[in-house]
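**Q** Please read through the structure below; I'll follow up with questions.
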Amino acid sequence: MTTSTGDNMFTLQPGGSVLSRKPKLADLIDQASFRDLLKSFSELYGIGVKVFDQGGQKLVDFRAQTTEYCGLMFAHYETKVRCTKLVGEVKSCELDSPSPEAKQCFSGLRYRVGPIYLEGDFLGRIVYGPFRPETLLRAPGELQGLAPDMKQQQANDLLVQIRPIAERAIDAVVLHCQKVVDTVIFSGYKALVASQMHIESITAAYSDLEERNRTLSQANDKLREMDRLKSNFIATVSHELRTPLTSVIGYSEMLLEGLAGPLQNEQKDYVATIMEKGESLLQLITSILDLSKIESGTFKLARNPVDISLVAKASLTDVLPQARKKNLNLVSHFPEGGQLFLLDEEKLHRSITNLLGNAVKFTPEGGTVELKVQHFDGSLPKESGKGFDPFVPENNKWLLISVRDTGIGIPDDKLQKVFEPFFQVDSSSTREYGGTGLGLAIVRNFVEAHGGAVWATSELQKGSVFSIAVPFSCAITK
Amino acid sequence: MQLNVSQREIALKVVFYGPPLSGKTTNLQALHHLLNGQSCGRLMTLDTADDRTLFFDVLPVFFKTSNGFKIKIKLYTVPGQIMHASTRRLVLEGADGIAFIADSQREEAKANNEFWLSLKENLRANKLDENIPIVIQFNKRDMPNVRSDEEIEEVRKKGKELVYGAVAIRGEGVLETVEGLLSQVWEYLDKKHHIEQMVKITREDFLRRVFEGASKPREGLLANP
Chain A
1032 MTTSTGDNMF
1042 TLQPGGSVLS
1052 RKPKLADLID
1062 QASFRDLLKS
1072 FSELYGIGVK
1082 VFDQGGQKLV
1092 DFRAQTTEYC
1102 GLMFAHYETK
1112 VRCTKLVGEV
1122 KSCELDSPSP
1132 EAKQCFSGLR
1142 YRVGPIYLEG
1152 DFLGRIVYGP
1162 FRPETLLRAP
1172 GELQGLAPDM
1182 KQQQANDLLV
1192 QIRPIAERAI
1202 DAVVLHCQKV
1212 VDTVIFSGYK
1222 ALVASQMHIE
1232 SITAAYSDLE
1242 ERNRTLSQAN
1252 DKLREMDRLK
1262 SNFIATVSHE
1272 LRTPLTSVIG
1282 YSEMLLEGLA
1292 GPLQNEQKDY
1302 VATIMEKGES
1312 LLQLITSILD
1322 LSKIESGTFK
1332 LARNPVDISL
1342 VAKASLTDVL
1352 PQARKKNLNL
1362 VSHFPEGGQL
1372 FLLDEEKLHR
1382 SITNLLGNAV
1392 KFTPEGGTVE
1402 LKVQHFDGSL
1412 PKESGKGFDP
1422 FVPENNKWLL
1432 ISVRDTGIGI
1442 PDDKLQKVFE
1452 PFFQVDSSST
1462 REYGGTGLGL
1472 AIVRNFVEAH
1482 GGAVWATSEL
1492 QKGSVFSIAV
1502 PFSCAITK
Chain B
871 MQLNVSQREI
881 ALKVVFYGPP
891 LSGKTTNLQA
901 LHHLLNGQSC
911 GRLMTLDTAD
921 DRTLFFDVLP
931 VFFKTSNGFK
941 IKIKLYTVPG
951 QIMHASTRRL
961 VLEGADGIAF
971 IADSQREEAK
981 ANNEFWLSLK
991 ENLRANKLDE
1001 NIPIVIQFNK
1011 RDMPNVRSDE
1021 EIEEVRKKGK
1031 ELVYGAVAIR
1041 GEGVLETVEG
1051 LLSQVWEYLD
1061 KKHHIEQMVK
1071 ITREDFLRRV
1081 FEGASKPREG
1091 LLANP
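Residue numbers (the working numbering), protein chains in the order written: chain A, 1032 to 1509; chain B, 871 to 1095.
Structure below.
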């Protein structure tokens, strides 16, 4: 419950909603327009109109024709006193009924006083008049008693200058004006409530959204923390797996080399399989470890002066056995000059080997895999995500390493996704080509850590081109 | 309730709550047509171009007691559409009683339930007393595929809220719903704030003053105002 003792019901809730506020007359009208409306009414019917708000403050005041007659009344002491008293009463009398009330002036003129209500609440009053009733033909005789020196003839002359109005006509006119004002007030109230509610509901919706944002942000922080813990866990487990696996591979190798005595051919085949599968497993674990380091933000570049051509050649050597098995044609182009770059050699080597390995894997027998290393000056294709820098020319110089194959190609809608972790173009359980889906994700992270970009273009059944761009700013100037 | 001692005024707030298109505005429109014009103000509707409630509708009902106390009841509807959740909460603020307007059609059972739960949630959010009077109206009793009278009787028996059936578009059950609610509101406020002693009027007199001169429901009540 809200309790108040003052004029306003929301005294105890100054910041409360518009729904709990009691408006003032002045809040509901545009005062200039309201005055214009009542002025035209006053001019049309030839009667004065005054409007007072609940506190008795005058908002509108138009007089009509009665000024001189009333001036005469005001020129004599006793009539002046009576006039002042009557005006005060008209301004402040109790108005219990919604119908206008009649007030009689000692001068013979009359008033009508109509209340202004909104939802049954009194907002103010309209005072119509004074007007001259049709039946008033002469100034009342008792004026002489009140002001003996007032000239009757003069009073009569001034009175007849005022246009007489029939009581029935004034009642109809006043009723009409009350209805018009009532409509104006209601429309004003509706506009006020609508505009205030817009503000209030938007403020409330904003608070709701803020609250939701806070909850989401907390949930997000929690998820990030869990993600970090997961990456740490994977990094630790991968590391722990790698140690015994290295021993398995090492001892297999020693067995194969006959360090523990000669092996029969069948035994050699078995140990070779153990070693081969062990190395695949090691590669997988290394990939997972790399990715977990990337995700947990703990991986760092170890930059050293590197000749890219040498690194690329080493990668070619890595994939040579598989390429030969499939009878592929390996082609390579390198720039002249042996320019050195400040790069992480191991990560770059693995990146290029990965692209070459994929190209070999997805190219059918007898196909071609081409490795090209070149200097590039200009705007990279939009797939790279690197915009052209119109202001710093050096930012548009790149070392471009591209691997082209004549393989099965990648559909357009999957070209971007191949760089996401665990993504497989063919994710069916019966897929033809193996792999974890981690390789390209790692390549992208390695290359981007160098400030470079990696992207792919492809044509189905014709082949794909994977490109790495390393900023030339990494170059060491001799 | 708002009480202004110096001006001898009491203002009560009643809210029509319920799912979209259950007939909250129709209830208020019917009430506006049925109640006596002397004590019933203009119906203010803040709606969109397609006649959906944007903020609320409000109908004021007011009268003066014989000892000069002014009693005003403001009847509000909330907007039903899901997106206006915050406005619903704003309108509910400071309510003294709630008429939950449910749609009797079977396929609306889920929507009724969701809004019933949201009402309870909003009451908590607005820190309103959990014992605030609530009545339930099953509207659209004239539609096909509605919950049977027996099923509604079951709800009436099992729940603690008063339950009414209605065809608001004809005005049927509208006055009964409001009368049932106002009766409970009066009793509730009297228990809490001794309102009878304050304004010197009994519950029966209060209800008589609100509904005196009310007309009867009729076919086409809202079609031909």
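For each residue, glycine too, the CB sits at the ideal point set by N, CA and C.
Would you decide whether Val928 of chain B is buried or exposed? Buried here means 16 or more other CB atoms lie within 10 Å of its CB.
**A** Sixteen is the threshold: when 16 or more other Cβ atoms of the shown chains lie within 10 Å of the Cβ of Val928 of chain B, as they do, the residue is buried.
**Q** Taking DSSP as the reference, what is the three-state secondary structure of Thr915 of chain B?
**A** In this structure, Thr915 of chain B counts as strand in the three-state DSSP scheme.
**Q** Enumerated in chain order, which unbroken segments of the alpha helix (DSSP H) with a length of 4 residues or greater are wholly contained in the stretch 1062-1134 of chain A?
**A** Given a length threshold of 4 residues, each whole run of the alpha helix (DSSP H) inside the stretch 1062-1134 of chain A is given here in chain order: 1062-1076, 1098-1105 and 1108-1123.
**Q** Cβ of Leu916 of chain B less than 8 angstroms from any chain A Cβ?
**A** yes
**Q** Once DSSP output is grouped into helix, strand and coil, what is the label at Ile1499 of chain A?
**A** strand
**Q** Whole-angstrom Cβ separation of Gln1370 of chain A and Ile1439 of chain A, contact assumed at under 8 angstroms?
**A** Between Gln1370 of chain A and Ile1439 of chain A a beta carbon distance of about 35 angstroms is seen, past the 8 angstroms cut, so the two are scored as non-contacting.
**Q** Using 8 angstroms as the Cβ pair cut-off and three pairs as the minimum, do the stretch 1298-1305 of chain A and the stretch 1248-1260 of chain A touch?
**A** Because the criterion of three Cβ pairs below 8 angstroms is not met, the stretch 1298-1305 of chain A and the stretch 1248-1260 of chain A do not touch.
**Q** Tell me which residue opens and which closes the beta strand (DSSP E) that Ser1053 of chain B is part of.
**A** Ser1053 of chain B -> not in any beta strand (DSSP E); alpha helix (DSSP H) instead, spanning Val1044 to His1063.
**Q** Could you tell me the distance, in whole angstroms, from the CA atom of Lys1448 of chain A to the CA atom of Thr1274 of chain A?
**A** 33 angstroms
**Q** Apart from the five residues on each side of it in sequence, which residues of its chain come closer than 6 angstroms, Cβ to Cβ, to Val1016 of chain B?
**A** Ser974 and Gln975
**Q** Using beta-carbon positions only, say whether Ala1036 of chain B and Val1044 of chain B come within less than 8 angstroms of one another.
**A** yes
**Q** Kindly indicate which residue of A:Thr1277, A:Leu1189, A:Phe1372 and A:Leu1154 has the alpha-carbon position closest to the one of Ala1057 of chain A.
**A** A:Leu1154
**Q** Is any beta-carbon of chain A found at less than 8 angstroms from that of Glu963 of chain B?
**A** Chain A, which has a Cβ nearer than 8 angstroms to the Cβ of Glu963 of chain B, makes this yes.
**Q** Please state the DSSP three-state secondary structure of Val1362 of chain A.
**A** strand
**Q** If we cut at 8 angstroms on Cβ distances, does Thr935 of chain B have a partner in chain A?
**A** No, Thr935 of chain B does not count as interfacial toward chain A.
**Q** Quick check on this structure: which residue in A:Thr1437, A:Arg1163 and A:Val1350 has the alpha carbon closest to the alpha carbon of Glu1198 of chain A?
**A** A:Arg1163
**Q** CB Leu1051 of chain B to CB Val1005 of chain B, shorter than 8 angstroms?
**A** yes
**Q** Return yes when the Cβ of Ser909 of chain B is within less than 8 angstroms of the Cβ of Phe932 of chain B, no when it is not.
**A** yes
**Q** Any idea if Ala1063 of chain A is buried or exposed, counting beta-carbon neighbours within 10 angstroms, 16 or more meaning buried?
**A** exposed
**Q** Can you pull the chain B neighbours of Ala1197 of chain A, defined as C-beta to C-beta under 8 angstroms?
**A** Within 8 angstroms Cβ-Cβ: nothing; Ala1197 of chain A doesn't reach chain B, min ~28 angstroms.
**Q** Let me make sure I understand the geometry here. Which of A:Ile1473, A:Leu1320, A:Ile1196 and A:Glu1284 has the alpha-carbon closest to that of Gln1096 of chain A?
**A** A:Ile1196
**Q** Specify the secondary structure class of Thr1461 of chain A as computed by DSSP and reduced to three states.
**A** Only weak support is given to the placement of Thr1461 of chain A: the predicted model assigns it a pLDDT of 48, under 50, and the question is left unresolved by the model.
**Q** Shortest alpha-carbon distance to Ser1410 of chain A belongs to which of A:Ala1333, A:Asp1239, A:Phe1422 and A:Ser1311?
**A** When C-alpha distances from Ser1410 of chain A are compared across A:Ala1333, A:Asp1239, A:Phe1422 and A:Ser1311, the shortest belongs to A:Phe1422.
**Q** Kindly list the residues whose CB is nearer than 6 angstroms to the CB of Lys883 of chain B, restricted to its own chain and excluding five residues on each side of it in sequence; keep chain order.
**A** Lys944, Gly964, Ala965 and Asp966
**Q** I'd like to know if Ser956 of chain B contacts chain A, where contact means its C-beta is closer than 8 angstroms to some C-beta of that chain.
**A** yes
**Q** Under 8 angstroms, with one C-beta from each stretch per pair, do the stretch 1011-1027 of chain B and the stretch 982-992 of chain B reach the 3-pair mark?
**A** When Cβ pairs closer than 8 angstroms are counted between the two stretches, the stretch 1011-1027 of chain B is seen not to touch the stretch 982-992 of chain B, the count staying below three.
**Q** How long is the line joining the alpha carbons of Met953 of chain B and Phe925 of chain B, rounded to whole angstroms?
**A** 11 angstroms
**Q** Compute the beta-carbon to beta-carbon distance between Leu1374 of chain A and Val1501 of chain A, rounded to the nearest angstrom, for a pair I have assumed lies under 8 angstroms.
**A** 7 angstroms
**Q** Should Lys1417 of chain A go down as buried or exposed, given a rule of 16 or more other Cβ atoms within 10 Å for buried?
**A** With 16 or more Cβ atoms within 10 Å of its Cβ, Lys1417 of chain A is classed as buried.
**Q** Applying a beta-carbon distance threshold of less than 8 angstroms, which residues of chain A neighbour Pro930 of chain B?
**A** From the beta-carbon of Pro930 of chain B, the residues of chain A found nearer than 8 angstroms are Glu1150 and Gly1151.
**Q** If you pair each beta-carbon of the stretch 1387-1397 of chain A with each one of the stretch 1355-1362 of chain A, do three or more pairs fall below 8 angstroms?
**A** yes
**Q** Put Thr1488 of chain A into one of helix, strand or coil per three-state DSSP.
**A** strand
**Q** Let me make sure I understand the geometry here. Which of A:Tyr1282, A:Leu1149, A:Glu1271 and A:Phe1503 has the alpha-carbon closest to that of His1481 of chain A?
**A** A:Phe1503
**Q** Which residues does DSSP list as the beta-bridge partners of Gln975 of chain B?
**A** The partner list for Gln975 of chain B (beta bridge, DSSP) reads B:Val1016.
**Q** Using the Cβ count rule (16 or more neighbours within 10 Å means buried), how would you classify Leu1168 of chain A?
**A** Classification for Leu1168 of chain A: exposed.
**Q** List the whole-angstrom C-beta distance separating Ile1216 of chain A from Leu1149 of chain A, where the pair is believed to meet the contact cut-off of C-beta under 8 angstroms.
**A** 6 angstroms
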